[in-house]
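Below is one structure; the comments refer to it alone.
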Amino acid sequence: MNAGERDDYAAGDQLTLADDDERLPWLESGDEDDEDEGAESGRILGFAVLALLALAAFIGGIWWFGNRSQESEVVADGSTIEAPDGPYKTRPTDPGGKQFEGTGNLAPAVGEGRETEGRIADATPAPSIDAPRASDSPPASTASEAKAASGTVVQVGAYSTRADAEAGWQKLQRQTEHLNGVSHRVVQGQADIGTVFRLQAIAGDAGAASRLCTALKGDGVACQVK
Numbered sequence: 001m002n003a004g005e006r007d008d009y010a011a012g013d014q015l016t017l018a019d020d021d022e023r024l025p026w027l028e029s030g031d032e033d034d035e036d037e038g039a040e041s042g043r044i045l046g047f048a049v050l051a052l053l054a055l056a057a058f059i060g061g062i063w064w065f066g067n068r069s070q071e072s073e074v075v076a077d078g079s080t081i082e083a084p085d086g087p088y089k090t091r092p093t094d095p096g097g098k099q100f101e102g103t104g105n106l107a108p109a110v111g112e113g114r115e116t117e118g119r120i121a122d123a124t125p126a127p128s129i130d131a132p133r134a135s136d137s138p139p140a141s142t143a144s145e146a147k148a149a150s151g152t153v154v155q156v157g158a159y160s161t162r163a164d165a166e167a168g169w170q171k172l173q174r175q176t177e178h179l180n181g182v183s184h185r186v187v188q189g190q191a192d193i194g195t196v197f198r199l200q201a202i203a204g205d206a207g208a209a210s211r212l213c214t215a216l217k218g219d220g221v222a223c224q225v226k
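Numbering (the UniProt record's numbering) for the sequence shown: 1 to 226.
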């Protein structure tokens with residue numbers, strides 16, 4: 001073997017060794033991938049177990065609270081409360097506190113079953129109030145009728161009742177100011193329609209009555225000197 005052949009052989013050996021050192025990906029082992037996949041599966045399994053435990057705890061809590069509320073409910077059994085052997089209400093040995101007049105006079109006796117007799121008040125007649133008689137206070141209209149002379153009154157209306165006549169006087173005073181401060185009277189009389197109550201304004205004299213009637217007519221009030 002000459003020198004050139006030896007050099008070619010040595011170069012071929014080095015190329016072969018270099019190729020052996022390089023690792024081809026499709027020829028590598030899958031152990032590392034299996035290890036990664038195993039760790040990921042373990043984490044997923046752990047999360048699933050924790051989720052199941054949390055769900056079980058939640059369901060158990062609901063069940064526990066539900067049973068506890070049912071146990072705490074009071075169920076009526078229809079039984080009666082047994083009365084004590086002794087009296088249910090007794091006077092304390094040392095009641096204490098402020099004692100007011102009349103305290104304990106009736107209630108304890110009734111509670112102990114004792115009876116008290118009622119007392120009837122004396123039949124003292126009630127004081128009477130004497131009502132004033134009609135003759136003691138004559139109506140104002142009667143006094144006015146006695147004072148008024150012929151020709152000194154001005155009739156301003158006639159009504160079916162005395163109350164209507166009084167109400168008519170109030171209305172006329174609001175209608176005209178000439179009746180302010182003027183006295184009036186209601187005279188009962190007979191007419192074709194039956195009993196009437198004549199409303200009359202009282203003037204000082206015949207001249208005043210005439211002037212008053214003229215002023216009332218100016219305000220639209222019908223009148224007549226009587």
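Quick reminder that beta carbons are idealized off the backbone N, C-alpha and C, glycines included.
CA-CA distance, residue i and residue j?
| i | j | result |
| --- | --- | --- |
| serine 183 | isoleucine 202 | 5 Å |
| glycine 60 | isoleucine 44 | 24 Å |
| valine 186 | glutamine 170 | 13 Å |
| leucine 52 | arginine 68 | 24 Å |
| residue 227 | threonine 214 | An answer regarding residue 227 cannot be provided, because it is not within the stretch 1 to 226 covered by the chain. |
| aspartate 136 | alanine 163 | Any reading at aspartate 136 is ruled out, since the residue's pLDDT is 47, under 50, leaving its predicted position unreliable. |
| isoleucine 81 | alanine 48 | 57 Å |
| glutamate 145 | glycine 194 | Summary for glutamate 145: the model assigns pLDDT 47, below 50, so the residue's position carries little reliability; its value from the coordinates is reported in the next sentence. The straight-line gap from Cα to Cα measures roughly 21 Å. |
| serine 79 | leucine 50 | 51 Å |
| alanine 83 | tryptophan 63 | 40 Å |
| glycine 46 | phenylalanine 65 | 29 Å |
| glycine 86 | aspartate 94 | 19 Å |
| arginine 91 | aspartate 77 | 34 Å |
Kindly list the residues whose CB is nearer than 7 Å to the CB of residue i, restricted to its own chain and excluding five residues on each side of it in sequence; keep chain order.
| i | result |
| --- | --- |
| alanine 55 | Checking the sequence, you will find leucine at residue 55 rather than alanine. Cβ neighbours of leucine 55 beyond the five flanking positions: none. |
Beta-carbon separation of residue i and residue j under 8 Å?
| i | j | result |
| --- | --- | --- |
| phenylalanine 197 | alanine 158 | yes |
| leucine 199 | histidine 178 | no |
What did DSSP end up calling residue i once you bin it into helix, strand or coil?
| i | result |
| --- | --- |
| threonine 214 | helix |
| isoleucine 81 | coil |
| leucine 198 | Checking the sequence, you will find arginine at residue 198 rather than leucine. If DSSP states are grouped into helix, strand and coil, arginine 198 belongs with the strands. |
| alanine 158 | strand |
| arginine 174 | helix |
| alanine 191 | strand |
| arginine 185 | strand |
| valine 153 | strand |
| valine 221 | coil |
| residue 228 | Because the chain here runs from 1 to 226, residue 228 falls outside it and cannot be looked at. |
| aspartate 164 | helix |
| asparagine 67 | helix |
| arginine 91 | coil |
Mind reading off the beta-carbon distance from residue i to residue j? Whole number of angstroms is fine, and I expect it under 8 Å.
| i | j | result |
| --- | --- | --- |
| valine 153 | leucine 216 | Valine 153 to leucine 216, Cβ: 13 Å. No contact. |
| serine 210 | valine 225 | 6 Å |
| asparagine 180 | glutamine 173 | 7 Å |
| aspartate 219 | threonine 161 | Not really, about 25 Å apart at Cβ, beyond 8 Å. |
Looking only at its own chain, which residues have a Cβ that is under 6 Å from the Cβ of residue i, when we skip the five neighbours before and after it?
| i | result |
| --- | --- |
| alanine 57 | none |
| alanine 165 | Tyr159, Val186, Phe197 and Leu199 |
| serine 41 | none |
Report all residues from its chain with a CB closer than 8 Å to the CB of residue i; omit the five preceding and five following residues, and keep chain order.
| i | result |
| --- | --- |
| alanine 208 | Thr152 |
| glycine 204 | Thr152 |
| alanine 191 | Ala158 |
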